[in-house]
Amino acid sequence: MTDALIAAEGLAVSYGATPALHNVDFSVAPGEIVTLIGPNGSGKSTLVRALLGVVQPSAGRVTRRPGLRVGYVPQKLAVDARMPLTVARFLSLPVPQRGDEIAAMLARVGVAGLERRQMTGLSGGQFQRVLLARALLADPHLLILDEATQGLDQPGTAAFYELIAEVRRDTGAAILMVSHDLHVVMSASDRVVCLNGHVCCQGQPHVVTAAPEYRALFGLGTHGTMALYRHKHDHAHDACDHAAPEKEAADVG
Ligand SMILES: Nc1ncnc2c1ncn2[C@@H]1O[C@H](COP(=O)(O)OP(=O)(O)OP(=O)(O)O)[C@@H](O)[C@H]1O
């Protein structure tokens with residue numbers, strides 16, 4: 013774990029008296045794409061917040077490689093509709109960016125020419141790409157996306173994750189994603205970690221290519237690739253409410 017970009021060891025987080033995470037060991041290596049899955053309320057966002065340093069552990073610790081730059085794409089971001097805010101201005105907050113850098117980054121994420129548009133006038137897909145552009149302007153070693161495709165349709169989601177895979181290829185950044193879009197996301201993941209207050213299990217997704225029914229469903233975005241992940245618990249516990257010791261993660265949601 014010494015070469016990890018970021019690591020949690022024995023991590024516990026509570027909100028008041030409510031425990032959200034306990035005894036979590038987790039790390040992301042350079043260049044790795046990791047997807048966090050788990051039922052609603054299983055602590056996925058809490059783990060992300062702890063890794064970002066915005067919530068404090070009640071036990072254990074988070075360590076970051078010195079000088080680590082993290083780019084974060086949130087689940088959603090409320091922009092006040094009454095406040096005019098262009099895309100270019102948004103991308104220059106809080107760190108001013110040059111116009112040519114903004115233009116290049118917008119082109120990079122597939123929304124060239126949006127500089128003068130109002131943030132509130134963007135489509136869901138455009139908005140998420142602008143959030144991604146902002147995260148990438150920090151030239152991150154680690155990009156964290158917390159359900160970044162919520163509200164996008166299936167082709168939009170698939171296209172977004174294709175872009176994420178491209179970002180890793182081009183920049184070598186490690187990527188940590190929280191997602192419910194299992195089939196689409198996991199086809200791009202090196203490792204899937206299933207959380208339910210603790211790390212239930214983790215492993216490589218089982219990728220099945222060219223399954224015709226998924227090609228039909230997900231279209232060209234995934235090139236017919238789907239991924240399944242099988243839970244393989246190596247421990248007995250009551251805290252995890254999966255009905256069967258081994259089942260497909262698609263059922264867990
Ligand atoms: N700010 C908060 N105050 C109190 N409890 C919280 C807070 N944020 C999260 N929790 C609780 O902590 C637990 C984990 O929540 P968290 O949002 O991390 O789960 P999640 O896996 O990201 O869920 P979802 O899939 O629904 O987004 C839940 O029981 C939730 O109610």
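Count along the sequence shown from 1, then add 12; that gives the number in the working numbering. Built from N, CA and C at the ideal position, the CB exists for glycine as well. No experiment lies behind these values; they were computed from the predicted model shown.
May I ask you to report which of helix, strand or coil DSSP gives arginine 180? In the displayed model, arginine 180 falls within a helix according to three-state DSSP.
Selection from Tyr173, Asp165, Leu80, Pro167 that minimises the alpha carbon distance to aspartate 158: Checking every option, the nearest Cα to that of aspartate 158 belongs to Tyr173.
Per-residue DSSP class, three states only, for leucine 48: In this structure, leucine 48 counts as strand in the three-state DSSP scheme.
With a cut-off of 8 Å on the beta carbons, I'd call alanine 71 and glycine 22 a contact; round off their distance for me. Correct: roughly 6 Å between the Cβ atoms.
CB arginine 61 to CB leucine 17, shorter than 8 Å? Contact: no.
Any heavy atom of ligand 1 inside 7 Å of the beta-carbon of asparagine 52? Within the cutoff, so yes.
Which runs of the alpha helix (DSSP H) spanning at least 4 residues fall entirely within the segment 134-192, listed in chain order? Counting whole runs of 4 or more residues, the segment 134-192 contains the alpha helix (DSSP H) stretches 136-148, 166-183.
Taking 8 Å as the threshold (C-beta atoms), are alanine 200 and isoleucine 45 in contact? Cβ atoms of isoleucine 45 and alanine 200: closer than 8 Å.
Are valine 99 and leucine 126 close, meaning C-beta to C-beta below 8 Å? Here valine 99 is near leucine 126, since their CB atoms are less than 8 Å apart.
Who are the near neighbours of valine 142 in its chain, counting only those whose CB is closer than 6 Å to its CB and skipping five residues on each side? Within the same chain, valine 142 has close Cβ partners Val99.
Assuming glycine 79 and asparagine 208 form a contact by the criterion Cβ under 8 Å, report the distance between their Cβ atoms to the nearest whole angstrom. In this structure glycine 79 is not in contact with asparagine 208, their Cβ atoms being roughly 33 Å apart against a cut-off of 8 Å.
According to DSSP, leucine 207 sits in a beta bridge with which residue or residues? Note: leucine 207 sits in a beta bridge opposite Val211.
Which word fits methionine 95, buried or exposed, when buried means at least 16 other C-beta atoms lie within 10 angstroms of its C-beta? The residue in question, methionine 95, is exposed, as its Cβ has fewer than 16 Cβ neighbours within 10 Å.
Helix, strand or coil: how does DSSP classify leucine 80 here? Coil at leucine 80, not helix or strand.
If we count the other Cβ atoms within 10 Å of its Cβ and call it buried at 16 or more, is threonine 47 buried or exposed? By the 10 Å Cβ count, threonine 47 comes out buried.
Whose C-beta lies closer than 6 Å to the C-beta of aspartate 202 among residues of the same chain, with five residues either side of it excluded? Excluding the 5 residues flanking it on each side, aspartate 202 has same chain C-beta neighbours closer than 6 Å at Glu44, Ile45, in chain order.
Tell me whether glutamate 21 sits in a helix, a strand or coil according to DSSP, three-state version. Correct three-state label for glutamate 21: strand.
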